[in-house]
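There are 2 protein chains.
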Amino acid sequence: MLSDVNLRSLFNPESIAVVGASRSGHKLGNVILSNLVSAGYRGKLMPVNPAGGEILGLAASPSVRELPHPPDLGIIVLPREQVLTAMEELADAHVSAICVITAGFRETGRDGFELEMEMADLARRRNVTLLGPNSLGLVNTAIGLNATIAQAKPSRGSIAFFSQSGALCSAILDWADGEGIGFSKFVSLGNKAGVSEADVLESLGNDPETKVIIGYLESVDDGQKFLSKARAVTEKKPVIMIKAGTTPSGARATSSHTGSMAGSVVASTAAFKQAGIIQVESLESLFDLARAFAEQPLPTGPNLTVVTNSGGPGILAADACEDADLHLARPTMETLEVLSKALPPFAAIYNPIDIIGDADADRYRVTLEAVAKDEMSNAILVLLTPTASAQIKETAQAVIDIAADCDKPVFASFMGDSRIGPGRDMLLDAGIPCYGYPEPAIRAISAMLAHHRWKNRPYPVEVCFRRDQGRASRAIKRAKRLGLSELPFNEAMEIATAYELPVPEIRLVRTSDQAVRAAKKLGYPVALKIVSPHISSRSDVDGVALNLATPRDVRDAWLDITSRAQRKRPDAYITGCLVQTMGPVKARAVVVRFTQDPQFGPLVSFSLAGPSAEVLGDISYRLAPLTLQDVQDIVREIKSFPLLRGVRGEEPVNLAAIEDILLSMSQMATDFPEIREMVLDPVLVDSEEAMVTDIRLTVG
Amino acid sequence: MLSDVNLRSLFNPESIAVVGASRSGHKLGNVILSNLVSAGYRGKLMPVNPAGGEILGLAASPSVRELPHPPDLGIIVLPREQVLTAMEELADAHVSAICVITAGFRETGRDGFELEMEMADLARRRNVTLLGPNSLGLVNTAIGLNATIAQAKPSRGSIAFFSQSGALCSAILDWADGEGIGFSKFVSLGNKAGVSEADVLESLGNDPETKVIIGYLESVDDGQKFLSKARAVTEKKPVIMIKAGTTPSGARATSSHTGSMAGSVVASTAAFKQAGIIQVESLESLFDLARAFAEQPLPTGPNLTVVTNSGGPGILAADACEDADLHLARPTMETLEVLSKALPPFAAIYNPIDIIGDADADRYRVTLEAVAKDEMSNAILVLLTPTASAQIKETAQAVIDIAADCDKPVFASFMGDSRIGPGRDMLLDAGIPCYGYPEPAIRAISAMLAHHRWKNRPYPVEVCFRRDQGRASRAIKRAKRLGLSELPFNEAMEIATAYELPVPEIRLVRTSDQAVRAAKKLGYPVALKIVSPHISSRSDVDGVALNLATPRDVRDAWLDITSRAQRKRPDAYITGCLVQTMGPVKARAVVVRFTQDPQFGPLVSFSLAGPSAEVLGDISYRLAPLTLQDVQDIVREIKSFPLLRGVRGEEPVNLAAIEDILLSMSQMATDFPEIREMVLDPVLVDSEEAMVTDIRLTVG
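Residue numbers (the numbering used here), protein chains in the order written: chain A, 2 to 701; chain B, 2 to 701.
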């Protein structure tokens with residue numbers, strides 16, 4: 002694993018060798034050198050080209066061995082076949098980091114993949130930090146380092162960007178250039194043979210030049226490492242990411258693109274959530290949010306004030322608030338008093354504050370001054386349409402003045418094009434995000450609020466549960482010894498008991514008399530379930546009877562179940578039946594499950610039993626180990642949660658009992674990576690207690 | 002009601018009087034006259050100003066009475082108090098249409114509202130078409146008519162826009178100007194005292210200059226009229242609308258803005274759907290779609306081909322397809338053969354076709370030529386990132402050339418800013434929509450496909466059901482005579498029977514002996530339900546027993562139910578019990594309901610019984626009368642539909658039986674506007690039959 006120190010030579014090299022530097026303007030070996038020169042890099046730049054001579058005014062060495070000075074960073078822009086040798090030579094020259102621009106490795110098939118493995122291996126052996134291959138390069142504006150093959154020239158700013166797609170980087174640089182957005186760092190990860198997204202994230206987290214981190218990912222290599230690094234970074238600064246390949250079509254496209262597996266979407270979404278990463282759906286949102294976070298303070302609450310000279314956009318903003326979990330702030334009496342004096346009689350002084358179409362800049366100013374002071378308001382959005390009376394530049398100036406004196410975030414949406422252009426430019430120059438429509442502003446404020454809440458959440462408590470790990474371990478070993486992948490019910494129950502899951506009392510009986518005696522001992526009502534080594538699914542033979550309340554019921558059920566099983570499966574040996582205490586009677590049924598995700602490790606899920614999960618997909622996910630906050634969130638996140646809280650005057654179910662089960666499951670998933678899947682279905686829960694009435698457990 | 006003819010004088014006047022024309026550049030009475038002059042209106046322009054003289058080179062009449070010529074259209078830009086008199090005078094001068102720019106009416110409170118009512122009344126009496134008040138004006142670029150107070154100058158095009166928000170119009174004109182988008186017509190509806198959204202929609206539908214209609218609405222005045230007019234228009238051309246006030250916050254803001262009621266959101270959404278209107282969520286989508294519809298042919302199927310020089314955006318496009326109900330087209334063998342020959346070995350020839358980062362314009366061209374011929378592909382999206390090798394203008398030209406020879410819609414997303422700018426401008430000039438990101442292109446293609454399907458849907462069949470309307474009517478009258486608003490169960494059942502709804506057979510019995518005899522006659526199993534004039538909710542007294550299979554069960558249940566009712570409600574007179582045949586046993590329970598929406602009339606809804614509807618809001622809506630297509634859609638639209646179709650090998654329920662019930666309910670809702678609400682809850686349905694086992698019916 003890389004330490005942060007290693008990335009220093011990548012981002013802050015004192016000398017650079019460009020291996021494959023070229024005289025020909027078309028070639029990437031020329032583009033990258035020319036970018037390095039023109040960005041004003043002040044360290045030592047050493048082109049390497051077999052012909053020697055001079056390139057772009059720099060003396061070129063004929064080979065790496067003949068470099069005048071050991072380089073900190075080596076950049077390789079050579080044909081694929083020559084890359085490995087060049088790496089070897091750079092390592093001999095005591096390079097600390099290598100960036101391989103060359104493409105044609107893992108993404109092209111088996112040969113490329115094997116070559117890439119050799120490169121990764123070499124980097125590890127020689128203790129060299131490897132970025133790429135198939136990287137567009139990297140940028141550190143603080144030292145004038147532009148080691149990319151992109152055409153655009155990134156300007157300096159406080160946003161750091163990292164991307165798994167190289168060509169996308171070129172679009173982003175061009176876009177940022179036009180929008181006047183600057184970067185602190187810019188990293189194209191390429192195939193991630195060495196430096197991973199987790200390494201870069203950690204490094205950018207420690208970078209004092211970086212206020213906001215944005216990223217584009219198609220795959221995550223080591224989910225647990227990524228999660229823990231990211232969690233530390235988001236304590237310090239916002240991380241906004243777009244994950245591509247989140248649908249089946251997208252995932253297929255991903256694997257044909259990078260040769261990497263897209264991995265489970267629910268697992269990566271859960272990881273992002275648990276790491277406090279803001280996940281967005283589109284590139285547009287990525288940039289909208291980047292600008293907002295870079296330039297405005299975080300709102301400390303959900304109450305937004307909208308000031309507008311046009312009713313329509315005000316309504317659209319109000320609609321968008323509802324979707325974004327923001328509220329329209331209720332103005333204080335003081336504010337209302339000021340506004341009702343200052344505004345014309347037909348203005349709407351309640352929020353959205355509609356200062357109407359004939360508003361000039363002064364009317365905006367007086368309104369904004371009142372709102373800026375209003376302690377009920379946590380954020381301000383100024384809407385302007387270019388009416389005949391609108392004073393666009395003067396209004397922009399009023400917004401700028403008010404924002405300068407105000408600790409709330411201030412956003413604008415000046416709607417239109419050339420007429421509002423001068424105002425928009427003034428706002429952007431002054432660091433006030435100005436969008437073409439109200440909706441992106443509201444999405445940005447909402448994301449910033451979420452980040453504020455994340456940073457101020459209670460300290461995450463990881464819970465370690467009392468359990469008898471040895472007893473569970475022995476049960477798993479017994480099953481493995483027998484070559485079983487799915488554990489027998491009684492062994493699964495044994496493990497559940499070892500982890501103190503609330504399970505019903507159970508007796509295995511072989512006659513109806515024994516069944517009646519067992520029922521008496523356990524207490525009525527009971528359930529009766531067929532047991533046979535040859536019948537794996539009881540429902541196939543209708544082998545379960547529930548809620549048996551009397552000895553008579555038990556005898557009838559015994560006859561029913563066993564004779565039906567013999568009729569339907571004459572070949573099966575019937576061991577007997579289980580007698581089992583019933584769970585809570587008027588209960589809700591929920592399902593708790595964990596599986597092992599190949600990239601992110603143990604993934605816990607929660608849902609109601611039945612169609613809400615199976616048909617409507619109302620299931621929530623978190624990665625284990627779960628914190629106390631996680632279990633509260635996973636339970637409350639499902640849309641069906643009101644059924645657990647109680648609808649129409651019902652009592653709420655015992656949520657703490659469910660949360661305890663989730664914590665135990667998290668513990669078990671962490672203790673036993675060899676458990677491939679464990680499903681508690683159903684867990685019955687009422688206002689008093691929860692009981693796990695069936696378990697399926699598979700080892701792998 | 003206005004006929005289309007009346008709107009002619011509004012859009013195509015031969016002469017115009019501007020009442021309130023002003024010499025002072027700041028005043029709206031000057032702005033509008035100057036707009037009329039500079040847009041090159043060739044009809045007769047007659048300013049009216051008490052001072053007479055000349056304004057902007059035109060001779061001004063001191064009053065309407067002194068106009069040299071009777072005007073077709075009168076435009077009023079006067080203080081509020083003078084508007085009514087001016088209208089009267091214009092009517093005397095035989096004006097056909099009046100547009101009132103002046104604001105300060107309904108939107109400002111009671112006085113304004115009453116004044117507006119007088120204006121509406123005057124217009125009706127004098128047979129004058131009234132646009133506004135509080136309108137920004139209107140535009141007809143075909144005759145150089147710009148009768149607005151907006152600052153921007155709309156250019157000619159094929160998009161018509163109408164809006165309930167005036168200030169929004171000014172933003173839109175400015176935006177369109179910058180984007181090079183032209184309009185055929187442009188109408189600011191204002192307070193809609195005379196001309197309504199339905200009138201304008203009909204007129205734009207008949208306008209040969211208009212290819213696409215876009216609109217912004219906050220309220221719909223006569224929902225049924227709007228629905229039928231809109232349905233006729235969408236047969237001819239696409240109508241794209243944004244409805245503001247679709248959330249509680251937005252609705253509150255709406256009513257304070259225009260003084261109009263936002264109305265039920267589900268009803269307006271249903272109306273838009275049934276009228277074939279494309280409803281969008283944001284202004285941005287409104288314009289994105291307007292451009293797409295105006296410039297490209299409709300796709301005839303869901304299969305999209307994506308060509309890209311960068312894997313990342315290709316994956317994002319694939320992700321977006323899934324959300325938008327589009328598929329990635331599977332290339333034909335011919336296409337694959339061409340591509341595998343023409344493209345470098347590392348290119349991805351399956352869709353998204355990734356021609357990789359070093360692609361030049363020729364590689365785009367050869368790929369697009371193959372795709373344009375591919376009969377499995379219904380639409381093409383070209384993505385470009387400005388890599389070092391990208392030939393941006395040449396690639397734009399290739400796209401333009403291919404699109405010219407291709408009957409499929411072609412879209413582009415050139416990503417970046419100044420570097421891709423020249424290419425983007427070429428594409429836009431050539432009528433190829435080019436977006437900054439892949440997602441808006443995909444949303445546009447998806448909306449166009451929906452419109453294609455709408456235009457090619459089966460001819461809508463309205464079904465008239467056999468029923469005994471008189472019998473139902475008598476039952477309603479009896480209830481009304483008794484002053485009941487909720488009908489007794491037996492009367493509700495009577496009405497259901499008159500409309501041939503499948504209801505269980507029922508007997509009212511007074512003793513347990515009678516109950517057993519009734520059960521024998523009806524056939525076991527039966528249900529038993531308490532009947533008492535003093536008990537309205539049976540569940541309060543646990544007054545229902547289901548699935549009684551034997552005489553013994555019936556007697557036990559009788560004792561249970563009646564004694565419990567007496568114990569819980571000692572004051573209640575117990576009439577007896579209903580004995581009722583059970584519905585299908587292993588059935589799904591669904592709910593069918595209709596209510597009367599104040600703006601849209603009878604609104605039918607459908608859902609499963611239970612939490613999917615109550616907690617998760619999985620309910621679908623349509624306005625009555627329902628067509629055959631509507632009932633099929635309303636049933637299939639709920640997310641829980643798989644449960645009706647059958648999951649895990651279950652048999653599907655009898656959907657036709659549910660559809661028949663929905664058609665009967667639609668008929669009843671149309672026949673009896675005095676039924677305020679009718680709820681069939683539950684309707685039990687299995688693979689054989691459906692049965693309505695409980696009804697609640699309220700008259701108003």
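Here a beta-carbon is modelled for each residue, glycine too, at the ideal position from N, C-alpha and C.
> Along chain B, which residues have their Cβ under 8 Å away from the Cβ of A:R646?
Replying inline: Per Cβ cutoff of 8 Å: no residues; A:R646 is ~10 Å from chain B at best.
> I think B:A319 touches B:L329, with their Cβ atoms under 8 Å apart; what is that distance to the nearest whole Å?
Replying inline: 6 Å
> Which residue spans inside the stretch 198-271 of chain B form an unbroken alpha helix (DSSP H) run of at least 4?
Replying inline: 198-206, 224-235, 249-259
> Can you list the residues of chain B that A:S703 reaches, using a CB-CB cut of under 8 Å?
Replying inline: Because chain A here runs from 2 to 701, residue 703 of chain A falls outside it and cannot be looked at.
> What residues are listed by DSSP as bridge partners for A:S62?
Replying inline: A:V49
> If we ignore side chains and look at the alpha-carbon of each, how far apart do B:A60 and B:R458 end up?
Replying inline: 56 Å
>> By the DSSP assignment, the alpha helix (DSSP H) with A:R697 in it spans what residues?
In response: Premise fails: A:R697 lies in the beta strand (DSSP E), 696-700, not in any alpha helix (DSSP H).
> If you draw a straight line from the C-alpha of B:V462 to the C-alpha of B:A476, how long is it?
Replying inline: 30 Å
> How would you label A:C578, buried or exposed, when you count the other beta carbons within 10 angstroms and need 16 or more for buried?
Replying inline: buried
> In chain A, which residues lie less than 9 Å from B:V532 when you measure between Cβ atoms?
Replying inline: Those within 9 Å of B:V532 in chain A number zero; the least Cβ separation is about 24 Å.
> Closest to A:A442 by CA distance: which of A:I76, A:A321, A:G358, A:L205 is it?
Replying inline: A:A321
>> Looking at the secondary structure, which residues open and close the beta strand (DSSP E) in which B:A590 lies?
In response: 589-598
> Under 7 Å from any heavy atom of the ligand ZN, does the C-beta of A:S97 make it?
Replying inline: Of ligands this structure carries none, so the ligand ZN is not represented either.
> Since B:E463 sits in a beta bridge, which residues does DSSP pair it with?
Replying inline: B:T628
>> Cβ closer than 7 Å: which chain A residues qualify as neighbours of B:A254?
In response: G315, I316, A319, P353
> Taking the C-alpha atoms as reference points, what is the distance between A:E651 and A:R623?
Replying inline: 28 Å
> Is B:E678 helix, strand or coil when you go by DSSP?
Replying inline: strand
>> With distance defined between alpha-carbon atoms, name the residue in B:A254, B:T270, B:E210, B:S250 nearest to B:L228.
In response: B:T270
>> Whole angstroms are fine: how far does the CA of A:P134 sit from the CA of A:L483?
In response: 47 Å
> Is the shortest distance between the beta-carbon of A:R425 and the beta-carbons of chain B less than 8 Å?
Replying inline: no
> Does DSSP put B:E690 in a helix, a strand or coil?
Replying inline: coil
>> Along the chain, where does the beta strand (DSSP E) containing B:R508 start, and where does it finish?
In response: 507-510
>> Beta-carbon within less than 6 Å of A:S283's beta-carbon, same chain only, minus the 5 sequence neighbours each way: which residues are those?
In response: none
> Is there a Cβ from chain B that is less than 8 Å from the Cβ of A:Y438?
Replying inline: yes
> Which one of B:I76, B:P314, B:G437 has the shortest CA to CA distance from B:S97?
Replying inline: B:I76
>> Using 8 Å for Cβ pairs, my map puts B:A528 next to B:M583. What's the rounded Cβ distance?
In response: 6 Å
>> Please classify A:R66 as buried or exposed, where buried requires at least 16 neighbouring CB atoms within 10 angstroms.
In response: exposed
> Does the stretch 190-206 of chain A come within contact of the stretch 413-428 of chain B, defined as at least 3 CB pairs closer than 8 Å?
Replying inline: no
> By Cβ distance, which residues of its chain are closer than 6 Å to A:L123, with the 5 residues on each side in sequence left out?
Replying inline: M88
> Which residues in the same chain as A:E119 place their Cβ atom closer than 8 Å to its Cβ, once the five residues preceding and following it in sequence are excluded?
Replying inline: L85
> Mind pulling the alpha helix (DSSP H) runs of 4 or more residues that sit fully within the stretch 395-468 of chain B?
Replying inline: 422-430, 439-456
> Any Cβ of chain B within less than 8 Å of the Cβ of A:V129?
Replying inline: no
> Which residues in the same chain as A:S261 place their Cβ atom closer than 6 Å to its Cβ, once the five residues preceding and following it in sequence are excluded?
Replying inline: The predicted model places A:S261 with a pLDDT of 47, which falls under 50 and marks its position as unreliable, so this point remains unresolved.
>> Along the stretch 578-610 of chain B, where does the CB come closer than 7 Å to a CB of chain A? Name the residues.
In response: none
> Quick one: which chain B residues come within Cβ less than 7 Å of A:Q152?
Replying inline: P387, A389, R420
>> Are the CB atoms of B:A610 and B:P434 within a distance shorter than 8 Å?
In response: no
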